[in-house]
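Protein chains: 2
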Amino acid sequence: MKVTLTLFLALFIPIFSYAQADSLFIKRMSDDIMRNGKAYELLYELTKKIGGRLAGSPQQQQAITWGKRNMELLGPDKVFLQACKSPNWKRGGADFAAIVGVQGEARIQPLAALALGNSMGSNGMIEAEVVAVASFDELEKRKSEVKGKIVYYHSVFDETKIQTFRAYGESGAFRRSGASRAAKYGALGIMIHSLSTAPDNAPHTGSMSYEKDLPMIPAVALGPNDAKMLYALAQKGSVKVQMQTYGQFLCDVDDQNVVAEIKGSEFPNEYITLGGHLDSWDVNEGAHDDGAGVVHTLEVLRVMKALNYKPKRTIRFVLFANEENGVRGGNEYANQAKLKNENHIFALESDAGGFTPRSIGITASGAAFKKFQAWSNLLKPYGAEVTLGGGGTDIGPLARVNPSTIIAGLVPDSQRYFDLHHAKTDVFENVNKRELLLGAVNMAAIVYLIDQYGVNP
Amino acid sequence: MKVTLTLFLALFIPIFSYAQADSLFIKRMSDDIMRNGKAYELLYELTKKIGGRLAGSPQQQQAITWGKRNMELLGPDKVFLQACKSPNWKRGGADFAAIVGVQGEARIQPLAALALGNSMGSNGMIEAEVVAVASFDELEKRKSEVKGKIVYYHSVFDETKIQTFRAYGESGAFRRSGASRAAKYGALGIMIHSLSTAPDNAPHTGSMSYEKDLPMIPAVALGPNDAKMLYALAQKGSVKVQMQTYGQFLCDVDDQNVVAEIKGSEFPNEYITLGGHLDSWDVNEGAHDDGAGVVHTLEVLRVMKALNYKPKRTIRFVLFANEENGVRGGNEYANQAKLKNENHIFALESDAGGFTPRSIGITASGAAFKKFQAWSNLLKPYGAEVTLGGGGTDIGPLARVNPSTIIAGLVPDSQRYFDLHHAKTDVFENVNKRELLLGAVNMAAIVYLIDQYGVNP
Numbered sequence: 001m002k003v004t005l006t007l008f009l010a011l012f013i014p015i016f017s018y019a020q021a022d023s024l025f026i027k028r029m030s031d032d033i034m035r036n037g038k039a040y041e042l043l044y045e046l047t048k049k050i051g052g053r054l055a056g057s058p059q060q061q062q063a064i065t066w067g068k069r070n071m072e073l074l075g076p077d078k079v080f081l082q083a084c085k086s087p088n089w090k091r092g093g094a095d096f097a098a099i100v101g102v103q104g105e106a107r108i109q110p111l112a113a114l115a116l117g118n119s120m121g122s123n124g125m126i127e128a129e130v131v132a133v134a135s136f137d138e139l140e141k142r143k144s145e146v147k148g149k150i151v152y153y154h155s156v157f158d159e160t161k162i163q164t165f166r167a168y169g170e171s172g173a174f175r176r177s178g179a180s181r182a183a184k185y186g187a188l189g190i191m192i193h194s195l196s197t198a199p200d201n202a203p204h205t206g207s208m209s210y211e212k213d214l215p216m217i218p219a220v221a222l223g224p225n226d227a228k229m230l231y232a233l234a235q236k237g238s239v240k241v242q243m244q245t246y247g248q249f250l251c252d253v254d255d256q257n258v259v260a261e262i263k264g265s266e267f268p269n270e271y272i273t274l275g276g277h278l279d280s281w282d283v284n285e286g287a288h289d290d291g292a293g294v295v296h297t298l299e300v301l302r303v304m305k306a307l308n309y310k311p312k313r314t315i316r317f318v319l320f321a322n323e324e325n326g327v328r329g330g331n332e333y334a335n336q337a338k339l340k341n342e343n344h345i346f347a348l349e350s351d352a353g354g355f356t357p358r359s360i361g362i363t364a365s366g367a368a369f370k371k372f373q374a375w376s377n378l379l380k381p382y383g384a385e386v387t388l389g390g391g392g393t394d395i396g397p398l399a400r401v402n403p404s405t406i407i408a409g410l411v412p413d414s415q416r417y418f419d420l421h422h423a424k425t426d427v428f429e430n431v432n433k434r435e436l437l438l439g440a441v442n443m444a445a446i447v448y449l450i451d452q453y454g455v456n457p
Numbered sequence: 001m002k003v004t005l006t007l008f009l010a011l012f013i014p015i016f017s018y019a020q021a022d023s024l025f026i027k028r029m030s031d032d033i034m035r036n037g038k039a040y041e042l043l044y045e046l047t048k049k050i051g052g053r054l055a056g057s058p059q060q061q062q063a064i065t066w067g068k069r070n071m072e073l074l075g076p077d078k079v080f081l082q083a084c085k086s087p088n089w090k091r092g093g094a095d096f097a098a099i100v101g102v103q104g105e106a107r108i109q110p111l112a113a114l115a116l117g118n119s120m121g122s123n124g125m126i127e128a129e130v131v132a133v134a135s136f137d138e139l140e141k142r143k144s145e146v147k148g149k150i151v152y153y154h155s156v157f158d159e160t161k162i163q164t165f166r167a168y169g170e171s172g173a174f175r176r177s178g179a180s181r182a183a184k185y186g187a188l189g190i191m192i193h194s195l196s197t198a199p200d201n202a203p204h205t206g207s208m209s210y211e212k213d214l215p216m217i218p219a220v221a222l223g224p225n226d227a228k229m230l231y232a233l234a235q236k237g238s239v240k241v242q243m244q245t246y247g248q249f250l251c252d253v254d255d256q257n258v259v260a261e262i263k264g265s266e267f268p269n270e271y272i273t274l275g276g277h278l279d280s281w282d283v284n285e286g287a288h289d290d291g292a293g294v295v296h297t298l299e300v301l302r303v304m305k306a307l308n309y310k311p312k313r314t315i316r317f318v319l320f321a322n323e324e325n326g327v328r329g330g331n332e333y334a335n336q337a338k339l340k341n342e343n344h345i346f347a348l349e350s351d352a353g354g355f356t357p358r359s360i361g362i363t364a365s366g367a368a369f370k371k372f373q374a375w376s377n378l379l380k381p382y383g384a385e386v387t388l389g390g391g392g393t394d395i396g397p398l399a400r401v402n403p404s405t406i407i408a409g410l411v412p413d414s415q416r417y418f419d420l421h422h423a424k425t426d427v428f429e430n431v432n433k434r435e436l437l438l439g440a441v442n443m444a445a446i447v448y449l450i451d452q453y454g455v456n457p
């Protein structure tokens, strides 16, 4: 009996202690972040002292300097910049849209509008009747009506989708490719319903692109209330609108990823990356998108240094350049990794806001995922778990150049994200301190676990 | 083989279909709530057109009329009022607190302050030195210093507690009983650090009570920033403060629970109750506390009627009176249930805010809980699960008069609740529409499941 117990203890205590040590270290990180975290104060600086940070703006350059200085203050082994060229899209003026006639009668009604990012200006005011469609199918059926008109896409969110990113993915097609699909049939411009869940009238911008060899017609997103009103009017009869935008591309500009690194003590050639993107749209402070991801990244670095954590593997903390309208930073990070033949085992992005965390979503195959999923119990005290599927725009290229890199994303609660995403309402005041810090806790936990145990099943 | 398969199907299809029917009906409710829900618009009316609704205020009477009318419009089998007498505490004036001396030097510094609910006025301005303590232990050790002084309790939240209700439970002891514990040693008044997680200076009120036969000394909560400043000064040397409050109780007032009922078709004598409380503190709109619970309750009634759901059991939708400073409504509901010998099998309260739902917390013993827990998969698509432990102040009395009543609470994410709980910031603008509606979805789902399957293991 005594021998059996001893044997039992000899076999099981190390395993138990291991798990307990993990749980204790994660709690130490959590306590330190919730008590001493600087993410909220840093976000204040980034949003209020610098502001909107579209590639090509002076603010993006200031943000690089700010990010580098703050990384250096935290004392990683090194901090370096990775140069890239980013597109330089300028909004160029105050976007304008208005209803000017309903059923043949003159009627002036301004519409809250923002030009879509990367869209070209209208070259003066354009005026035309609206062809309002609810889908690309409807556009195809009514293509003969489109020539010389302005197409309005009723790209409302499917409110019944509890995961709002799914509704965004669907309705987002109109923003991304609606202009060229309408230009093909001779449209002069397009308007969309903002990709918004908010019960307000703020228009939401966001990137679009044109197909080659088609006219680059102007494109605006309307405030949700105005968009619904326009759609209702257009279903009853003819509606004439005006629009004017000023978008243009200047020459590409010098841009930079900002990277901090802590060298691994056992497996220095295995890289773990975590990051968010430093740029934002021009119309807001980029607080949730992606100021949150930036300060999450800095916070994980801060807590690891504050607790004197010595990683086994090399950890990279990256503030990516130009996610919003080019992904040049993410591509350059992947190119450099490939050029230097770096073994990137894991990359984690925070680019879904600073809301209360629900999970760490990991894209991994069966056996590896099972290993990660077993860590759910270690995340649960901090409100999260490990779920299947996840990544981020900036780390996607890394997985494309090296398919063995496992990518993951912080999954915050998504109910409020599209209320303010790409709208003027994405400001510091709409970020909650505890929710923000808790995102960093869960990121720190998963990075710690990957560092301790690697990614092999 | 063929026979075996048939047998297999015969055995398992009914079970499968059952679960699928549940999942489909819950999805129908969710779709209808997320698309056509009226909770947000009703909350606007309750908060912006009526406002703060402390028992004894004209607004509480307006809210009763409003609640009854809105229930009637939804067409349940009956709507009735349950009369009770509620306490009638009046703040009576603009609470005042200030530092007037530091280390013997005159220094005037106003402090953001709110009298605690149920506390008595100071009878003019009082001025005294501060004894600042961080715990009741410290108060006991320093009891000889307290006579003629004003005791300040440094009742800060433990920020490391991820479940903020736990920190509230701990720090709340100073608000609830700090006055009498200091009065016992001759204190003239008390001040506490507001029970707040917010990085702002808004003071938070909330209920307190006095022990018998001790002086009913005035009690205020200070804004978090001012409280921390006062505590820091008091640790360095003597600090003199002034305070003036005006609290008083007038005669008890007529109050009412507002109750809607849909009669059960199979087990009409088994009652399921869901509800929130109609009253709020006087200093805000009571949007999260507990406007959210009120409109959740109305929303579940709305969707059940909209989908023409005929419950097996009798479902009661209750807007409770006077939760904040007396629980007279909850007690009356329990008394009536006992008097009428009603068999209340289950009661669910929403009184933790209109934030994104995380779980339905159910207080039940082993076998019953296992049954409920198996429904977690049906809640997961809507962001929740079934967790052990939960209830609410208004339904607690029901379980006390009938211990077989199973009680439960909606558990929303708690990170933001104590930023605004009992402070002027608990207003409509701080409620998110989708988060609010999603709370109703999960409440509707659990009420539906209890109605279909009862509570017996």
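These protein sequences, in sequence, are chains V and X. If you're matching positions, the first sequence starts at 1 in UniProt numbering and goes up one per residue. If you're matching positions, the second sequence starts at 1 in UniProt numbering and goes up one per residue. Just so it is clear, CB atoms sit at the ideal spot from N, CA and C, and this is done for glycine as well. Keep in mind it's a predicted model, so treat the numbers as computed, not measured.
Counting along the chain, the unbroken alpha helix (DSSP H) around E138(X) starts and ends at F136 to K141.
Per the coordinates, the alpha-carbon of K38(X) lies some 7 Å from the alpha-carbon of E299(X). When C-beta distances to chain X are compared with 8 Å, the residues of the stretch 373-395 of chain V below that value are P381, Y382 and G383, in chain order. With fewer than three CB-CB distances shorter than 8 Å, the stretch 312-321 of chain V does not count as touching the stretch 40-51 of chain V.
Note that the stretch 413-420 of chain X touches the stretch 160-170 of chain X; at least 3 beta-carbon pairs, one per stretch, sit closer than 8 Å.
In this structure, DSSP gives A260(X) an extended state, which the three-state scheme calls strand.
In the structure shown, M229(X) falls within a helical segment according to DSSP collapsed to helix, strand and coil. Close CB contacts of K143(V) within its chain, under the 7 Å cut and outside five residues either way in sequence, are with Y185 (chain order). DSSP, reduced to helix, strand and coil, places R28(V) within a helical segment of the structure shown. The DSSP-derived three-state label of M443(X) is helix. At least one CB of chain X lies nearer than 8 Å to the CB of E435(V).
Around S155(X), the same chain offers S171, F174, I192 and H193 as residues with beta carbons nearer than 6 Å, after the five sequence neighbours per side are excluded. By the neighbour-count criterion, in which a residue is buried when 16 or more other Cβ atoms sit within 10 angstroms of its Cβ, I108(X) is exposed.
One finds M34 and R35 in chain V with Cβ atoms closer than 7 Å to the Cβ of E159(X), taken in chain order. No Cβ-Cβ contact shorter than 8 Å links E323(V) with C84(V). For M243(V), there is no enclosing alpha helix (DSSP H); the residue is part of the beta strand (DSSP E) that begins and ends at V239 to Q244.
Looking at the DSSP output, T273(V) bridges to R316(V) and A347(V). Using beta-carbon distances, R302(V) does not count as an interface residue toward chain X, since no partner is under 8 Å. Residue pairing by DSSP puts N88(X) in a beta bridge opposite L250(X).
Shown here is that no member of the stretch 272-290 of chain V has a Cβ falling below 9 Å from a Cβ of chain X. Contacts with chain X (Cβ-Cβ distance below 8 Å) from the stretch 159-188 of chain V involve E159, T160, I162 and T164, listed in chain order. Taking the beta carbon of L438(X) as reference, the chain V residues within 9 Å of it are I162 and Q415, listed in sequence order. Y152(X) is bridged by DSSP to A132(X) and M191(X). For S350(X), the closest C-alpha among the options K338(X), P397(X), G293(X) and A337(X) is that of G293(X). Relative to the Cα of V220(V), the nearest Cα in the group G117(V), L307(V) and L378(V) belongs to G117(V). In its chain, beyond the 5 residues on either side, D282 have a beta carbon closer than 8 Å to the beta carbon of S57(X). The alpha helix (DSSP H) runs of length 4 or more contained entirely in the stretch 155-214 of chain V are, from start to end of the chain, 164-183. In the three-state reduction of the DSSP assignment, D419(X) falls in the helix class, which pools H, G and I. Here the alpha carbons of F157(X) and S119(X) stand approximately 22 Å from one another. In this structure N257(V) is buried. Its beta-carbon is surrounded by 16 or more other beta-carbon atoms within 10 angstroms. In the DSSP assignment, E145(V) falls outside any beta strand (DSSP E), carrying neither H nor E. Taking CB atoms only, D426(X) has no neighbour in chain V less than 8 Å away.
The beta carbons of L139(V) and R181(V) sit about 6 Å from each other, so the pair counts as a contact at 8 Å. Leaving aside the five residues that flank N269(X) on each side, the residues in its chain whose CB is nearer than 6 Å to its CB run, in chain order, N343.
Q373(V) and E385(V) have their alpha carbons spaced roughly 8 Å apart. Look at the stretch 194-210 of chain X: the residues with a C-beta under 7 Å from a C-beta of chain V are T197 and P199.
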